[in-house]
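*Asks:* Dropping a structure here in structure tokens format, bear with me for questions.
Numbering (the UniProt record's numbering), first residue to last: 1 to 371.
Okay, structure coming up:
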């Protein structure tokens with residue numbers, strides 16, 4: 001027997017914005033629910049965000065959500081905020097990291113076996129609507145200027161003019177026995193340029209590109225694939241990714257950020273967490289703009305008084321979240337509809353599963369007494 005004060009079961013009524021498209025997620029690999037090319041939708045979303053078109057931005061993000069392209073949407077959010085906003089809204093990474101944790105909690109609450117089901121979750125819809133609005137409102141900045149690395153830059157005899165560190169102590173503070181010695185000079189120069197004494201972002205960018213390109217240069221020269229293996233560091237990634245050499249860079253960024261005031265260390269930690277979202281080896285280069293953002297935070301003077309969003313924005317965000325289902329109602333018109341019997345049976349099964357899940361969760365929290 002189940003008993004709980006103030007407990008009731010709410011029957012979910014099928015509404016006009018609930019997506020009931022019968023296509024499995026594998027059919028949306030390169031498209032969205034409305035049969036747009038996924039690549040075109042991503043470009044349109046980025047363009048609309050850049051032009052502060054809130055309604056259009058929410059629409060294109062909803063197209064990705066309805067097709068289960070959550071990781072693609074997060075990738076856009078992570079890279080856009082670091083590449084186009086960065087110092088325009090310096091505390092934004094803390095907010096994005098917080099919202100990603102909310103996303104993970106919703107995902108682990110019953111959607112791990114089928115992420116596509118999250119498209120009908122009201123919290124998910126409002127979460128992304130809020131994020132998109134805040135990114136639209138945030139001040140945009142120039143994108144980073146990535147230095148070009150040449151083959152000659154890997155010849156120590158030809159790159160002496162780039163070596164400026166007055167000591168090897170800057171790199172030594174994080175180097176471990178298992179770290180690749182081939183990277184020591186670059187690591188030491190990078191550490192020197194982000195130090196409180198120097199704070200030279202452009203030179204730091206050069207050494208980041210040097211480190212990121214080292215593997216590919218070696219592969220071309222030696223005509224065989226190699227992979228740099230570093231000492232194990234405690235990073236928020238899977239066990240198989242703990243020995244990536246890029247964590248040497250992040251260890252230095254965290255070390256230097258602790259010397260800064262205005263909450264810079266917390267922002268850099270948030271950037272690291274975002275850099276590690278579903279991390280794989282290809283993420284190292286793909287997400288380098290997040291590293292650039294962290295370098296800027298450490299080497300530039302930051303206005304810590306910039307709010308993530310203001311009161312006027314807050315009211316608009318609230319209205320957008322409350323009306324977000326209007327967009328999903330529009331997208332629903334393009335779905336492949338199931339038969340009526342299938343729809344009815346699916347609704348019953350879904351509600352039953354939710355009810356059982358709620359009861360079990362509440363029981364674990366000692367909110368329900370079982371006799």
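Backbone N, C-alpha and C fix where the C-beta goes; we use that ideal spot for every residue, glycine too.
Straight-line CA distance for residue 61 to residue 309?
*Replies:* If I take the Cα positions, the gap works out to 20 Å.
*Asks:* Evaluate the contact criterion for the stretch 204 to 220 versus the stretch 118 to 138: three or more CB pairs, one atom per stretch, below 8 Å.
*Replies:* With the cut-off at 8 Å, the stretch 204 to 220 and the stretch 118 to 138 do not touch.
*Asks:* Residue 251: buried (16+ other C-beta within 10 angstroms of its C-beta) or exposed?
*Replies:* Counting Cβ neighbours within 10 Å, residue 251 comes out buried, since at least 16 surround it.
*Asks:* I need the DSSP call for residue 115, collapsed to helix, strand or coil.
*Replies:* Here residue 115 sits in helix by DSSP.
*Asks:* Alpha carbons only, please: which of 65, 95, 264, 198 is nearest the one belonging to residue 165?
*Replies:* Taking only the C-alpha atoms, the option nearest residue 165 is 198.
*Asks:* Name the two residues that bound the continuous alpha helix (DSSP H) containing residue 175.
*Replies:* That residue, residue 175, is in no alpha helix (DSSP H); it is neither H nor E in DSSP.
*Asks:* Quick check: does the Cβ of residue 75 come within less than 8 Å of any heavy atom belonging to the ligand ADP?
*Replies:* The model depicted lacks the ligand ADP and carries no ligand whatsoever.
*Asks:* Taking DSSP as the reference, what is the three-state secondary structure of residue 32?
*Replies:* Coil.
*Asks:* Roughly how many angstroms separate the alpha carbons of residue 229 and residue 189, rounded to a whole number?
*Replies:* Using only the alpha carbons, I get a separation of about 20 Å.
*Asks:* Taking residue 48 as the reference, which of 74, 57, 41, 42 has the closest Cα?
*Replies:* The shortest C-alpha separation from residue 48 is found at 57.
*Asks:* What residues are listed by DSSP as bridge partners for residue 244?
*Replies:* Its beta-bridge partners are 229.
*Asks:* Tell me the rounded alpha-carbon separation between residue 200 and residue 139.
*Replies:* Spanning the two alpha carbons is a distance of roughly 24 Å.
*Asks:* To the nearest whole angstrom, what separates the beta carbons of residue 193 and residue 203, a pair I think is in contact under 8 Å?
*Replies:* Indeed they touch by this definition, with Cβ atoms about 4 Å apart.
*Asks:* Which residue's Cα is closest to the Cα of residue 152: 145, 146, 162?
*Replies:* The shortest C-alpha separation from residue 152 is found at 162.
*Asks:* Using three-state DSSP, classify residue 42 as helix, strand or coil.
*Replies:* Note: residue 42 maps to helix in three-state DSSP.
*Asks:* Can you tell me which of 33, 246, 300 puts its alpha carbon nearest to the alpha carbon of residue 227?
*Replies:* Selected option, being the one with the closest Cα: 246.
*Asks:* Distance, Cα to Cα, residue 277 vs residue 333?
*Replies:* C-alpha separation (whole angstroms): 33 Å.
*Asks:* For residue 78, decide whether its Cβ has a neighbour in chain D, counting only Cβ atoms nearer than 9 Å.
*Replies:* The structure shown contains no chain D, having only a single protein chain.
*Asks:* CB-CB under 7 Å to residue 15, same chain, minus the five flanking residues each way: which ones, in chain order?
*Replies:* Hits under 7 Å: none found.
*Asks:* How do the stretch 17 to 29 and the stretch 66 to 83 stand: do at least 3 beta-carbon pairs fall below 8 Å, yes or no?
*Replies:* Result yes; three or more Cβ-Cβ pairs closer than 8 Å.
*Asks:* On the criterion of 16 or more Cβ atoms from any shown chain inside 10 Å, does residue 109 qualify as buried, or is it exposed?
*Replies:* The residue is exposed, with fewer than 16 neighbouring Cβ atoms inside 10 Å.
*Asks:* Excluding sequence positions up to five away, which residues of its chain have a Cβ less than 8 Å from the Cβ of residue 205?
*Replies:* Here the set comprises 144, 145, 146, 147, 292, 295.
*Asks:* For residue 261, tell me which candidate among 233, 301, 242 has the shortest Cα-Cα distance.
*Replies:* Checking every option, the nearest Cα to that of residue 261 belongs to 301.
*Asks:* Nearest to residue 285 by alpha carbon, out of 216, 257, 314, 30?
*Replies:* The option with the nearest alpha carbon to residue 285 is 216.
*Asks:* So, are the CB atoms of residue 255 and residue 177 less than 9 Å apart?
*Replies:* In this structure, residue 177 does not lie closer than 9 Å to residue 255 by Cβ.
*Asks:* Any idea if residue 244 is buried or exposed, counting beta-carbon neighbours within 10 angstroms, 16 or more meaning buried?
*Replies:* Classification of residue 244: buried, given that the 10 Å Cβ count is 16 or more.
*Asks:* State the start and end residues of the unbroken alpha helix (DSSP H) segment that holds residue 53.
*Replies:* Note, residue 53: premise wrong, no alpha helix (DSSP H); not H, not E.
*Asks:* Residue 37 by DSSP, collapsed to three states: which one?
*Replies:* Residue 37 falls in the strand class under three-state DSSP.
*Asks:* Check for me: the alpha helix (DSSP H) holding residue 16 runs from which residue to which?
*Replies:* Per DSSP, residue 16 belongs to no alpha helix (DSSP H) and is neither H nor E.
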